[in-house]
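Colleague:
Numbering (the numbering used here), first residue to last: 27 to 189.
(1) Quick one: residues in its chain with C-beta nearer than 7 Å to the C-beta of residue 81, no 5 flanking neighbours on either side, listed in chain order?
(2) What are the boundary residues of the alpha helix (DSSP H) that includes residue 92?
(3) Anyone know if the C-beta pair for residue 33 and residue 57 falls short of 8 Å?
(4) Quick check on residue 101: buried or exposed, where buried means 16 or more other Cβ atoms within 10 Å of its Cβ?
(5) Could you tell me if residue 41 is buried or exposed, where buried requires 16 or more neighbouring beta carbons within 10 angstroms of its beta carbon?
(6) Could you say which of 67, 113, 60 and 96 lies nearest to residue 159 if we only look at CA atoms?
(7) From residue 31 to residue 96, what distance separates their C-alpha atoms?
(8) Name the one or two DSSP bridge partners that residue 32 has.
(9) Kindly examine the ligand NAD and report whether one of its heavy atoms sits closer than 7 Å to the Cβ of residue 140.
(10) Are the beta-carbon atoms of residue 60 and residue 109 separated by less than 8 Å?
(11) For the alpha helix (DSSP H) containing residue 161, list its first residue and its last residue.
(12) Report the partner residues of residue 174 according to the DSSP bridge assignment.
(13) Might you give, ordered along the chain, the residues of its own chain that have their beta carbon closer than 7 Å to the beta carbon of residue 116, omitting 5 neighbours on each side?
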């Protein structure tokens, strides 16, 4: 156990709801702070035991489980003026050039997004919009040290290709 430490979990924990909850139930006992953002594998809709009709519903259910267990999924400002900011995201096709476009198109077929979100670009844009309040609040702080994390690349300049 690391009772004075923080753990950042940047997604891909588990697609099975019961195992997801068990994992975080165990981890929160070992760390002072546990932070989480979902990855694509967490949002897979594969099993009959998964009651989520789509990946967006599944994500919000996971965030509720995290909240109940004490897993932090929102920005936090610590007393030493350090801010930790989890960023939701998704694969953004605009980050790639023509060489990798086929590779990233429809990136994860095991995720099912509601029809209203459409393609990967719309999913990325919607999830990025959920970060706006946190980003805005952190930008207003003077002399803050900001540490952000995401499962997905937050800027196109970080994408170096498909391998």
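For glycine and all other residues, C-beta sits at the position ideal for the given N, C-alpha and C.
Modeller: Let me lay it out:
(1) Reading the chain shown from its first residue, position 55 is the one you call residue 81. Take residue 81, set aside five residues on each side of it, and the residues of its chain with a beta-carbon closer than 7 Å to its own are 69, 71, 137, 138 and 139, in chain order.
(2) Numbered from its first residue, the chain shown carries residue 92 at position 66. Per DSSP, residue 92 belongs to the alpha helix (DSSP H) from 81-95.
(3) The residue labelled residue 33 in the question sits at position 7 within the chain shown. The residue labelled residue 57 in the question sits at position 31 within the chain shown. If you check the CB distance, residue 33 and residue 57 come in under 8 Å.
(4) Taking the chain shown and counting its residues from 1, one reaches residue 101 at position 75. Buried, by the Cβ-count rule.
(5) Looking up residue 41 in the chain shown gives position 15. So residue 41 counts as buried.
(6) Position 133 of the chain shown, counted from the start, is the residue given in the question as residue 159. Per the Cα distances, 113.
(7) As a working note, residue 31 is residue 5 in the chain shown. As a working note, residue 96 is residue 70 in the chain shown. Residue 31 and residue 96 have their C-alpha atoms some 15 Å from each other.
(8) Here residue 32 refers to the residue found at position 6 when the chain shown is read from its first residue. DSSP output for residue 32 lists 59 as bridge partner(s).
(9) You won't find the ligand NAD in this model; it holds no ligand whatsoever.
(10) One-based indexing of the chain shown puts residue 60 at position 34. One-based indexing of the chain shown puts residue 109 at position 83. No, they are not a contact pair.
(11) Here the question's residue 161 lines up with position 135 in the chain shown. Taken as a continuous stretch (DSSP letters only), the alpha helix (DSSP H) holding residue 161 covers 158-165.
(12) The sequence position of residue 174 within the chain shown is 148, counting from 1. Under DSSP, residue 174 forms a beta bridge with 111.
(13) By one-based count along the chain shown, residue 116 stands at place 90. Excluding residues within five positions, the ones whose Cβ falls inside 7 Å are 146, 149, 150, 153 and 178.
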